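Colleague:
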Amino acid sequence: MNSRVYELNSFNLLKSIADSREKLRKSEQKVADYVLANPNDVIHMRIVDLASEANVSEPTVVRFCRALNYDGFQDFKLTLAQGLASNASFEKFSMDSKDTVIEFKQKIFDSMIGNLINIREQLDPETLEEAIDALAKANRVEFYGFGASAPVCADAQHKFYRLMVSAAAYSDPHMQTISAVTLRQGDVVVAISQTGRTKDLLHTVRLVKETGATVITLCPGTTPLADLATIPIHVDVEEDKDLSTLMSSRVVHLVVIDILAVGVAMKLGPALFDHLKTIKRSLRSLRQNDRLLPTRRQSDNND
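For the sequence shown, the numbering used here gives the first residue as 41, with consecutive numbering after it.
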């Protein structure tokens, strides 16, 4: 089996089955439906058991597994078991008032790790390439976001400014509106939202669409904001919204911005790398050089 497919499906096999269902034969769809409904049972079954429960033949189960790029049932079952174990370890966590520092530290890290891995595999390379290409060619790049998305926008502006891209970030609805109506074709707006439903953001993005500028969204799929996008980057994060204050979404958005920034840097090529070296050299004068500081003994002798 292709090792890349194996890695991709370790955390998202059930999603892969659901997405591929309509492309399967009717008999294979029966297997898919049973697996989706009973994943924890399937990992303990023999092929004959699954065939019996799904009311299909054993060769149909094998064809189902191969349709998903697995060598056979054992290979499929192993990946399913690993995915379920990983999800149990990482994806779901709930904060409790009795949690110790050690416990909630572990929960937060595990949740972050699980969400980052899941989004890594969900991101569509072609969509990312399209977004990177639009950003690299843009005359202006504007980042829009409110609330917890505002610092993500500020971070994005900082990163793209270093890349010699004319970038700005706005988290005020009035400034967003002014910015939106001054855009034109060839400009790009990156709208960032953890819900994809913020009314003020939807308003400004609609204004952007009227100018002909490109809209890239970082938000959950099947949301009003994603529907408005020229290039929608779906970021679907599961988290405990009561106590985590949408921590995972913010971190995932920051990582996606890093991916876009690195992609633009790669597109712009050697000339940009020389520019980045110049920036690095120029910033050295703003940092304290410990080698120039007197040691404790030297300081005492000078007193």
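The beta carbon of each residue, even a glycine, is placed where N, CA and C say it ideally should be.
Only a predicted model underlies this, so the values are computations on that prediction, with no experimental measurement involved.
1. Is the distance from the Cβ of Ala-220 to the Cβ of Gly-185 below 9 Å?
2. Just the Cα atoms here: how many angstroms apart are Gln-216 and Ala-231?
3. Of the choices Ala-174, Leu-53, Ala-301 and Lys-145, whose alpha-carbon is the least far from that of Thr-119?
4. Sort out for me which residues DSSP pairs Tyr-210 with in a bridge.
5. To which residues does DSSP link Val-228 through a beta bridge?
6. So, Arg-246 versus Leu-268, is the Cβ gap smaller than 9 Å?
7. For Thr-254, does the count of other Cβ atoms within 10 angstroms reach 16, so buried, or fall short, so exposed?
8. Classify Ile-271 as helix, strand or coil using the three-state DSSP reduction.
9. How about Leu-124 and Ile-83: do their beta carbons lie closer than 9 Å?
10. Would you list, in sequence order, the uninterrupted alpha helix (DSSP H) runs of no fewer than 4 residues that lie entirely inside the segment 89-133?
11. Buried or exposed: where does Thr-140 fall if 16 or more other Cβ atoms within 10 Å of its Cβ makes it buried?
12. Distance, Cα to Cα, Asp-81 vs Gly-303?
13. Rounded to whole angstroms, what is the Cα-Cα separation between Gly-261 and Ser-325?
Modeller: Walking through what the data contain:
1. no
2. 11 Å
3. Leu-53
4. DSSP, once it has assigned bridges, lists Tyr-184 as partnering Tyr-210.
5. Per DSSP, Val-181 and Thr-254.
6. yes
7. Counting the other Cβ atoms within 10 Å of the Cβ of Thr-254 gives 16 or more, which makes it buried.
8. strand
9. yes
10. 98-107 and 113-130
11. exposed
12. Straight through space, the alpha carbons of Gly-303 and Asp-81 are spaced by roughly 42 Å.
13. 45 Å
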